[in-house]
Structures are given as structure tokens and as C-alpha cells.
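Chains as they are written, first to last, in this note's numbering: chain A, 1 to 114; chain B, 1001 to 1117.
Heads up, the beta-carbon is just placed ideally off N, CA and C, and yes, glycines get one too.
Note that this is a predicted model, so its numbers are computed, not measured.
Scroll down for the structure; my scribbles are underneath it.
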């Protein structure tokens, strides 16, 4: 059974704080690691697709790093804003036997307060 | 470019009935995957269809089935509904023209919220 874990489960921060979350995944049969943001009543929206060990991706105030050898990825949000409040999901895509199947973690729920 | 469209958005069914959910992928996308989310659980993979063929199946009972049409639209069917089937069902479409494009992101619809009473 393939295990993708995220921590923390939830997080409350103040506006302007920087924060980070962790995603751990199998280090074998790795193909890609996806990060999604899911706001209430909306569709999950892709943030990053990461494939190479040492990858770093950035979109505005959000960035992510990838370590495939040890099986973890970090998502960072700099200067959190209320509109960053959402659930952040990571998803593992396997090299073989999976096609486009994504195995998701249970997510980190972020609440940014004024 | 229109996004992924799922219909209906909400559905209430009685235990024992069957239900069909529909998903229209982004134009040009040939892969459609289905996921189930129940309270406290992450998104669980149901199955993936590509070019009208089921390519992968998750660990769900045979009551869950799906199909894909030549225009890439997909339907999933749940027969003999149980209370535990109450969930948000999401579909995702992906562009896959060759193995090298497997790293493209999946685009999700807004989901169908199924309640079984």
C-alpha cells in the first residue's frame, strides 16, 4: 500500500507569517510529485508538478522543494495572506503501473487570520 | 478554454438505488480519472480511462464502474448504493499525448456531492 503523508493536519497563522508544510512519499518507483491548493467550494488547483531530485519551484509567494532520495517535499508560503486559506494537497505519481493515477495525502488545512 | 465539467453538482439517492455521474474533460484531454473524498479521508483513486479503455482501477468494490466515450466524456456508475457511498466525487482530466507528457498536471472539476439516505 502506497503511503503519502502530510503534516501538520491543520495550521492557523497570522497574516504576514511565513509557514511551511511537509509531504512524505515513497522514495521508490517515483515519477512526479504534485502540489494542489483546494479552496472551499472550488476545484483543486495545481500549484506545482515536480519531477527531479533537488527541484525547486516558485509561484509568487509560494515555493516548493523536492527530495526524491529521502521521499519528502516542502511547501513554503511567505507572508501569508487571508486568500491563502485553503487545503494544500500533495500527490504522488508512480513511475510504473500507475498511468495518471495520483495518490494523495490527506492535506494540510491552512487558515490565515487577520 | 472551458474547464472540467461535472454533472450533477448535487444528488440525493436512497440506499439500494444506482447513480450515474458525468464528467466532460477539457477539450483535447484524453485521460479522465475519478476520485472519491469522504470525511476524514484524502482523495481516493477510483479509476482512470484513456481512449475509452480503463487503464487503472483503485481498490473499490465492483459496484463502482465507469466508462469513457469517443469524445472523452466519462461516466461513473455506482449500483446498489450504500450509506458509506456518500461522498464528493471528483473527476480530473489530463493531457497525455506521449509518455513524456505524463508529468502534466491534472485539472479537476468541482465535483458531484452524493448523499445516500
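Alpha carbon to alpha carbon, how far is residue j from residue i? Give it in angstroms, no decimals.
i, j, result
"residue 1078 of chain B", "residue 1020 of chain B", "7 Å"
"residue 24 of chain A", "residue 1013 of chain B", "37 Å"
"residue 59 of chain A", "residue 12 of chain A", "22 Å"
"residue 1109 of chain B", "residue 73 of chain A", "25 Å"
"residue 42 of chain A", "residue 1074 of chain B", "21 Å"
"residue 1107 of chain B", "residue 1114 of chain B", "21 Å"
"residue 103 of chain A", "residue 1017 of chain B", "29 Å"
"residue 47 of chain A", "residue 37 of chain A", "7 Å"
"residue 1004 of chain B", "residue 101 of chain A", "17 Å"
"residue 1070 of chain B", "residue 1095 of chain B", "15 Å"
"residue 1085 of chain B", "residue 1068 of chain B", "22 Å"
"residue 27 of chain A", "residue 1089 of chain B", "29 Å"
"residue 1098 of chain B", "residue 1030 of chain B", "Since pLDDT at residue 1098 of chain B reaches only 49, below the 50 mark, its modelled position is unreliable, and no value is offered."
"residue 1042 of chain B", "residue 62 of chain A", "22 Å"
"residue 1002 of chain B", "residue 10 of chain A", "33 Å"
"residue 8 of chain A", "residue 89 of chain A", "12 Å"
"residue 85 of chain A", "residue 110 of chain A", "5 Å"
"residue 55 of chain A", "residue 1082 of chain B", "44 Å"
"residue 1022 of chain B", "residue 35 of chain A", "25 Å"
"residue 65 of chain A", "residue 71 of chain A", "11 Å"
"residue 1028 of chain B", "residue 1015 of chain B", "37 Å"
"residue 1060 of chain B", "residue 1047 of chain B", "9 Å"
So residue i packs on residue j, CB below 8 Å; how close in whole Å?
i, j, result
"residue 1025 of chain B", "residue 1032 of chain B", "5 Å"
"residue 1092 of chain B", "residue 1035 of chain B", "7 Å"
"residue 68 of chain A", "residue 53 of chain A", "4 Å"
"residue 49 of chain A", "residue 1105 of chain B", "5 Å"
"residue 1058 of chain B", "residue 1045 of chain B", "4 Å"
"residue 16 of chain A", "residue 1056 of chain B", "Contact doesn't hold; Cβ gap of about 43 Å is too wide."
"residue 113 of chain A", "residue 14 of chain A", "6 Å"
"residue 1037 of chain B", "residue 1112 of chain B", "Not quite, the Cβ-Cβ distance comes to about 11 Å (not below 8 Å), so this is no contact."
"residue 97 of chain A", "residue 6 of chain A", "So it is not a contact: roughly 23 Å between Cβ atoms."
What in chain B is Cβ-close to residue i, meaning under 8 Å?
i, result
"residue 101 of chain A", "1033, 1045, 1048, 1056, 1058"
"residue 153 of chain A", "For chain A, the structure presents residues 1 to 114; residue 153 of chain A sits outside this window and is missing."
"residue 116 of chain A", "Outside the displayed range of chain A (1 to 114) lies residue 116 of chain A, so it cannot be described from this structure."
Could you work out which residues of chain B lie near residue i, taking near to mean beta carbons separated by less than 7 Å?
i, result
"residue 104 of chain A", "1042, 1043"
Applying a beta-carbon distance threshold of less than 7 Å, which residues of chain A neighbour residue i?
i, result
"residue 1036 of chain B", "Result: empty, since nearest Cβ-Cβ is about 11 Å, beyond 7 Å."
Could you list which residues in chain A have their beta carbon closer than 9 Å to that of residue i, in chain order?
i, result
"residue 1051 of chain B", "Chain A residues near residue 1051 of chain B: none, gap ~12 Å exceeds 9 Å."
Show which residues of chain A have a CB atom less than 8 Å away from the CB atom of residue i.
i, result
"residue 1094 of chain B", "100"
Output, in sequence order along the chain, the residues in the stretch 1005-1027 of chain B whose CB is closer than 8 Å to any CB in chain A. none
Taking 8 Å as the cut-off, does the stretch 73-89 of chain A touch the stretch 8-23 of chain A (at least 3 CB pairs, one atom from each stretch)? yes
Any residues in the stretch 31-44 of chain A with a beta carbon nearer than 9 Å to a beta carbon of chain B? Which ones, in chain order? 31, 32, 34, 36, 38, 41, 42, 43, 44
Please list, in chain order, the residues of the stretch 1065-1080 of chain B that have any C-beta partner in chain A closer than 8 Å. none
Please confirm if the stretch 25-44 of chain A is in contact with the stretch 91-107 of chain A, defined as three or more CB-CB distances below 8 Å between the two stretches. yes
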